[in-house]
Every structure is written in C-alpha cells, then in structure tokens.
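Read in order, the letters of the sequence shown correspond to residues 524 to 751 in the numbering used here.
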Amino acid sequence: MNVKELLSLKDKIILVTGGAGHYGRCIVEGLAEAGGTIVTASRNLEAGEKVAQDFCNIGLDVHAMQLDQANHESVMALKGQIQDKYGRLDVFINNAVSRPMEGYNAPIEQFAESMRVNATGMMDILREMADSIAQGGGGSIINISSMMGMYGPDLSNYEGTDVGDMPPDYFVHRGGIINLTRFLARMLADKKIRVNCISPGGLANHQPQRFVENYCKKVLVGRMANKD
C-alpha cells in the first residue's frame, strides 16, 4: 500500500456534525477531497444543503441531513437514515456545538441549556454512532475540542477589545471532551473503534483586530489559522 492509498478515504462513509459551521465546513471539504462520502448534519438543514451543494458542484461527494443533537429522536432518525442509505458508518467527526451562554454572569439557565446540548446530547450521539460503527466492523471517532480546552483561557488575548467575559460552559465541555475521549478509547477498543481528539487553535473568523494582534504575538508563525 502506497502513501496515497493509505491516506485515501475512498468508500468510507463519514458523518460530520456541525458541518455547516466555520470549522465544520473545512473538515467536510478536506475529508471529501480525500475521497470520502460525507454526510453533514446540523439543525439548520438549509445551511447544510447549501454546503453539500457547493461541494457537489466541484465534484465532491457530500450530502446533508438534519440533526438536533439535544433530541434523542432526532439522533435516532439520523442514525436510521445513514443506515438505510449507506448500510454502515465508518467515521464520526463529533464537531457540533451550541453556544447559548453569553458570559460568566449569564443566567444559570443558559449553562443548563449548554450542557443539555454539549454534554448530554453529545454523549447520546456518541453512543449511537459508536453502535453504528461497531455494527459495521469498526472504524474511527474523532472529537473536536480546542486549544483552550487543554490550557484554559488566556484573558490577555482580549485586552483592548470590547469582547465580553468568557462563558464558563465552553471550558466545561471543551476540557471535558478531552478526558471523555480517553474514556471512550478504552471502552470502544474491543469493538475495533479508535477514538481520538483534535484541539485546534484559533481560526480566523472576523475577530477584532486587537484580538488578532494579541493572539498572533503568542504564535510562532505569527498568524491565526485559516481554512486552508
């Protein structure tokens, strides 16, 4: 097997949740370029269908389905749709996230809503998609965390900006998913499922100029990541 064959995703069925978002779209594009058949799933079906159509127009194999991660019936419906259409699932990219909490002093109900989606909902879809992957003989789960999930907040990045205080729910689920990955890697190993976590740094997305300047001073290459 040569390197191109080793890295090829040809004939792999891959689910990317949150595939219409800033990070998600980049993930969908890269996996599709590697030859995978990609299903992007999110609450906004119209946005997902636009992503799928954009990539289909350039010859990539991308499809959109709807998902409300916090709704078990929606998770099961997605699981059934993938099984009915493709017969299996090989890879799950766990990328979807909700941002209902506005800051440290936000109403506690916003924190609870975040956990409903980003903790309970995430665990639900992880278990169900792991079951689908196991039924197909094994595969891979990749969780998406963030650099701040590993190191915590760097408040100096926000000096001189009008960005408000950072929401604590972000650090609960971005940090928690890293340790959950370790747990799942052990739990699912006997089902031939590999579980890994990627913690990317900052991706350029129209942040305030002062934030970009503060951030880039701490990065060796002197810039934020971009979609390429």
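Using N, Cα and C, we set each Cβ at its ideal position, and we do this for glycine too.
Figure out for me which residue from the options has the closest Cα to the Cα of residue i.
{"i": "Leu-538", "options": "Leu-649, Met-673 and Phe-706", "result": "Leu-649"}
{"i": "Val-574", "options": "Ile-667, Gly-558 and His-545", "result": "His-545"}
{"i": "Ile-616", "options": "Asn-749, Gly-553, Leu-726 and Leu-568", "result": "Gly-553"}
{"i": "Gly-683", "options": "Gln-732, Arg-697 and Ser-531", "result": "Gln-732"}
{"i": "Pro-676", "options": "Asn-580, Ile-581 and Tyr-627", "result": "Tyr-627"}
{"i": "Ala-555", "options": "Glu-572, Leu-529, Gly-582 and Leu-568", "result": "Gly-582"}
{"i": "Val-526", "options": "Ile-536, Ser-621, Ala-557 and Ile-550", "result": "Ala-557"}
{"i": "Ser-531", "options": "Glu-625, Gln-576 and Thr-560", "result": "Thr-560"}
{"i": "Glu-596", "options": "Val-585, Gly-547, Asp-584 and Asp-647", "result": "Asp-647"}
{"i": "Gly-672", "options": "Arg-709, Leu-743, Gly-699 and Gln-658", "result": "Gly-699"}
{"i": "Leu-743", "options": "Asn-728, Phe-694 and Gly-724", "result": "Gly-724"}
{"i": "Glu-625", "options": "Leu-703, Pro-691, Gln-604 and Leu-678", "result": "Pro-691"}
{"i": "Ser-621", "options": "Val-614, Lys-608 and Ala-642", "result": "Ala-642"}
For the alpha helix (DSSP H) containing residue i, name the first residue and the last one.
{"i": "Ala-575", "result": "568-579"}
{"i": "Val-526", "result": "526-530"}
Within its chain, find whatever has a CB closer than 6 Å to the CB of residue i; leave out the 5 residues flanking it on each side and keep chain order.
{"i": "Ala-619", "result": "Thr-540, Gly-541 and Gln-592"}
{"i": "Pro-623", "result": "Gln-633, Glu-636 and Ser-637"}
{"i": "Ala-543", "result": "Ser-565, Ala-570, Gly-571 and Val-574"}
{"i": "Lys-750", "result": "Cys-549"}
{"i": "Pro-630", "result": "none"}
Rounded to whole angstroms, what is the Cα-Cα separation between residue i and residue j?
{"i": "Met-644", "j": "Glu-636", "result": "In the sequence as displayed, the identity of residue 644 is Gly instead of Met. Cα-Cα distance, rounded: 10 Å."}
{"i": "Cys-739", "j": "Ser-722", "result": "18 Å"}
{"i": "Thr-563", "j": "Met-670", "result": "24 Å"}
{"i": "Lys-533", "j": "Leu-612", "result": "13 Å"}
{"i": "Asp-654", "j": "Ile-665", "result": "15 Å"}
{"i": "Asp-577", "j": "Val-551", "result": "11 Å"}
{"i": "Gln-606", "j": "Asn-719", "result": "23 Å"}
{"i": "Ser-663", "j": "Leu-707", "result": "11 Å"}
{"i": "Met-747", "j": "Glu-528", "result": "31 Å"}
{"i": "Arg-709", "j": "Arg-697", "result": "20 Å"}
{"i": "Lys-741", "j": "Met-599", "result": "43 Å"}
{"i": "Gly-547", "j": "Ile-667", "result": "10 Å"}
{"i": "Ile-701", "j": "Asn-594", "result": "23 Å"}
{"i": "Met-689", "j": "Gly-610", "result": "42 Å"}
{"i": "Leu-601", "j": "Glu-651", "result": "10 Å"}
{"i": "Tyr-674", "j": "Phe-694", "result": "10 Å"}
{"i": "Ala-657", "j": "Ile-536", "result": "13 Å"}
{"i": "Ala-727", "j": "Arg-705", "result": "29 Å"}
{"i": "Ser-729", "j": "Lys-714", "result": "Here residue 729 is His; the residue named in the question, Ser, does not match the sequence. Their backbone Cα atoms lie some 42 Å apart in a straight line."}
{"i": "Arg-639", "j": "Gly-659", "result": "29 Å"}
Between which two residues does the beta strand (DSSP E) containing residue i stretch?
{"i": "Ser-655", "result": "Segment 645-658 is the alpha helix (DSSP H) holding Ser-655; no beta strand (DSSP E) there."}
{"i": "Gly-553", "result": "Not the beta strand (DSSP E): Gly-553 falls in the alpha helix (DSSP H), residues 545-556."}
{"i": "Leu-583", "result": "It is not in any beta strand (DSSP E) - Leu-583 carries neither H nor E in the DSSP assignment."}
{"i": "Val-539", "result": "536-540"}
{"i": "Val-562", "result": "560-565"}
{"i": "Asn-666", "result": "662-667"}
Leaving out five residues before and five after residue i in sequence, what residues of the same chain have Cβ atoms less than 8 Å from its Cβ?
{"i": "Asp-685", "result": "Pro-731"}
{"i": "Gln-604", "result": "Met-588"}
Which residues in the same chain have their Cβ closer than 7 Å to the Cβ of residue i, if we skip the five residues on either side of it in sequence?
{"i": "Leu-568", "result": "Ala-587 and Gln-589"}
{"i": "Cys-579", "result": "Val-585"}
{"i": "Asn-680", "result": "Phe-734, Asn-737 and Tyr-738"}
{"i": "Leu-711", "result": "Ala-653 and Val-718"}
{"i": "Gly-661", "result": "Lys-714, Lys-715 and Ile-716"}
Could you pull out every unbroken beta strand (DSSP E) segment of at least 3 residues lying fully inside the stretch 605-642, listed in chain order? 614-617
Contained alpha helix (DSSP H) runs [length at least 4] in the stretch 703-739, N- to C-terminal order: 732-739
Every unbroken alpha helix (DSSP H) inside the stretch 670-702 [4 residues or more]: Assignment of alpha helix (DSSP H) within the stretch 670-702, counting only whole runs of 4 or more residues, yields 670-674 in chain order.
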